[in-house]
Amino acid sequence: MNRRIRACSGVLFAVAMLVAPVRAALAQQVAAQRLLGQAGVPVTATHDVTTGAVIVLRGASVPLAGGRERATLALRDWVFEHGAAFGLDAATDDIVCERDEPLPDGRHRIQLRQYWNRIPVEGADARGIVDAQGELRYLACGFLSTIRCATSAVIGSEQALRVAVRATGGVPPAQGPGLWVRRRDGVDRLAWRVVLLHEGGRETLSWVDALDGTLLAADDAAVHALGFVYPTDPRAPLAQVDLPRLVPAIGLQSPWLGIDDTLYPEAEPVGPGGDYRFSPSQPSFDQVNVYWHADRFLHDCLGSLGYAGPPESLIVRINRATEPFVAQTSGRYVDLGRPIPGFVQDVARSQDIIYHELTHGVLYGYGVLASGPRREAVALHEGLADYFAAAFTGDPGIGQWLYLTFPDGATRVDQPAEPWNYAHYDQVGYAGGEIGSPWGNGMILSSTLWELRGALGVSADSLVLEALVYLPEAPVWSQFANALLQADADHHAGRWQGEVVRVLTHRRIRGAVESGISGPQLLAAGVRGTYHALPCCGGSALGDYHWRVREWCRGRPCSDWHDLADGPDLETSFQQDSELQLTVLTPWADTLVSAPFFVGVSAPELHLAGPHRLAQHGIGRWSARYVAMGPVTVQWHRTWRRPFALPVAIARALEVSFAADSSCDLQVTLTDGLGRQVVRQWAVETFADRALPDRTARLLVVQHWDAVMQHAELSLELVKASSVRATVYDVRGRARVQIWNGPLAVGTHVVRWDAGALEPGVYWLRVLAEPTGALQRFVVVR
């Protein structure tokens, strides 16, 4: 029995462990949707595919409370307020401002650190850019959710220090070890972070488990081994190099990448120093060669440009069966193929192809997928991969050693000329390549960026890398063009805008542009409102903005345009209904004019005129006049007073006329330029235009009989208030219908009554209005 209880308890615990992350993920997804719904501005978000948490906000323009005066605290407060959308738990997590870097034009680049139960979390931070107006423009988050580890250490800092010193030597600095949360391979640990100083000022960083004293990492930043590699390809002599950042495990692994050989076992260090000095004839040589080039590309090339590393380590698999492709990459997996006889040699020994494929992995890490309209994102992948391979090697020829029939199948980013431009997308191929392939189209972009590099120098490398964070999942080239300008504005104060525009437009590559206004469309007279221009070219307010206004009266302009202000934002008030207009001169030399944007100050009014009574079958004319904002529509509906009659639209104009065959009701709806509506009702009564059959000094009686509808209408005109009784009798003197019995005031009164219950025959209508009366004979015929 006890065993069953313990077994059930274990099952329940396991179920709870599975359900909790699911609930947390759902909560994060809901919070993320709520955050984006409340932003109220154009924004591109990238979500964690597992939890749904927001990890990147691009093209944002989110006002931060107090952002102008204290950008760092304002961003911290905003992120914490929406923490659930970013994977934080308010019960356990906090955020601390770690760095505030002033940028040109009053902007700030801010780094926030996640703290879990008051313990800093390694690698869990957020980096945002706040502009001079206090608005959040960009945010990248790497917070860790659902952390599970101890909150207090079992071993002390002194013991952790001794473990680290035994492993690496050195002496501690003034500041001793600190407790951190460290996640590796999905496992969270409470660990001591130990920094030690060595001769020459070199520092080492070690991690020691705070529960059992295990050395988790001896030195995250030190050289662990030596190895033989080809610095470029086998045309150059073999060289002995340092293999930095290796983790203590079998094989060549670092926090950013790992090497996996499909044909041979993982390389193991040899010799007393634990080095990887293999000759090119040994199978492990390719693993060492690829590791050194990959680590060098990610850290020395991209890292020097500000690359923070992949979201999860890249796995480089060599000796893969990738035919007919030389190599291919999907997500975090980079596959380097085997030699193909008569076509290519060993890919693992060609530095530029390694760099090319690693760039694909970096792009996937930024959330840029190889899909989308016209395969432009695929060609973007290829173009950027060629560009970074050429930029890092300094050689515009890619694959010169690898391809046996160079330049067939290889690339030269410095050679394409006309018609190598975006106007000939899907119409070009290079060196035997297929026309319209991603590689051919990609060379349009890579050669364009190489031309940009000729104008900007190595600054183009950082600009291209910085632009990646502004891209959606499946970007087209116009979005990439805008991303370059946005990165230039955010990181370089717009220094390179002119050159970027010149080079890209020369190759027929232009950014997508739009014009629009956001702000209140209803204001009281004299009350100030704030209006914003929708970014013309992606997420930044690039270009020149000019505002104008004109007044509207009675649904039409009643003044000329006059200038208001320049710039992407406007604060103003209005005394009467007005129309705003925004003109934008974009960096791409487009002049855009916004769609009509109306601001209503007065409530709309609608007034009707026309007859309330009309002779049956007579033609009546009814008209509407109004006071309203913007283009106005007036819709008329008519409903005949008959059984089962429905409203029918009869006109969309200021005036209508029609023959009134019977009584009806009119409904008139005014819709102004702001979508506001005013509805008015108008009743129309019809009467028979014929001689009066009976008249006395005090009573006038008219009865109108509708044989088709079996309805009758009794009209009584009293010259003096009186008590009136109106009754229908048959020829036998029996009262059949009581039409009216009660007092009536002076004037004309109309009473409609239903004759459907009367059989065909002769009847009498008797009306008594003391001291007089009237008697009428009528016939019911069916």
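Here numbering that gives the first Met the number 0 is used: the first residue of the sequence shown is 0, the next is one more, and so on.
For every residue, glycine included, the Cβ atom is placed at its ideal position computed from N, Cα and C.
All values reported here derive from a predicted model rather than from experimental measurement.
CA-CA distance, residue i and residue j?
i	j	result
I397	T410	5 Å
E513	L591	7 Å
A480	Y402	32 Å
P770	R724	12 Å
T213	A159	9 Å
A163	S205	6 Å
F324	I258	20 Å
V21	H292	With a pLDDT of 43 at V21, under the threshold of 50, the modelled position of this residue cannot be trusted; read the value that follows with caution. Looking at the two C-alpha atoms, the distance is approximately 40 Å.
L541	V647	51 Å
L569	L467	31 Å
G133	R506	36 Å
V633	S656	14 Å
V667	Y544	41 Å
G141	N116	17 Å
V745	A773	17 Å
L301	E417	31 Å
D93	Q113	6 Å
G168	E157	15 Å
Would DSSP call residue i helix, strand or coil?
i	result
I109	strand
T328	strand
L72	helix
L743	strand
C300	helix
F573	coil
G497	helix
T404	coil
V240	strand
E80	helix
Q350	helix
E784	Any answer about residue 784 is impossible in this case: the structure gives the chain only from 0 up to 781.
H611	coil
W476	helix
R452	helix
H197	coil
R374	helix
T786	A query on residue 786 cannot be resolved here, the shown segment of the chain reaching from 0 to 781 and no further.
Measure the Cβ-Cβ separation of residue i and residue j and say whether it is below 9 Å.
i	j	result
L256	L313	yes
T328	Y290	no
P586	L522	no
L210	I118	no
L111	G66	no
I317	Q286	yes
A307	R126	yes
S714	F686	yes
P785	Q350	The structure shown has nothing for residue 785, since the chain only spans 0 to 781.
V180	W191	no
R624	W635	no
D559	M628	no
Let me check you understand the geometry: is the CB of residue i closer than 8 Å to at least one non-hydrogen atom of the ligand FMN?
i	result
G127	As far as ligands go, the structure on display features none, and thus does not contain the ligand FMN.
Identify, in the order they occur along the chain, each residue of the same chain with its Cβ nearer than 8 Å to the Cβ of residue i, setting aside the five sequence neighbours on each side.
i	result
R640	S661, S662, C663, D664
E498	L451, A454, L455
I352	V325, A326, L335, V346, A388, I397, G398, L401
Y762	V727, Y728, D729, V730, R735, R776, F777, V778, V779
Kindly list the residues whose CB is nearer than 7 Å to the CB of residue i, restricted to its own chain and excluding five residues on each side of it in sequence; keep chain order.
i	result
G518	G528, T529, Y530, H531
G525	S572, Q574
V500	P586, W587
S253	R244, L245, V246, D294
S436	G428
V194	P172, E202, L204
Should residue i be labelled buried (16 or more other beta-carbon atoms within 10 Å of its own) or exposed?
i	result
G510	buried
I618	exposed
A659	buried
H561	exposed
L444	buried
G732	exposed
N440	buried
R165	exposed
Please work out which residues of its chain come closer than 6 Å, Cβ to Cβ, to residue i, disregarding the five sequence neighbours upstream and downstream, and give them in chain order.
i	result
L297	W255
Q520	V598, L673
A608	S622
Report yes or no: is there a C-beta of chain B within less than 9 Å of the C-beta of residue i?
i	result
G302	No chain B is part of this structure, which consists of one protein chain only.
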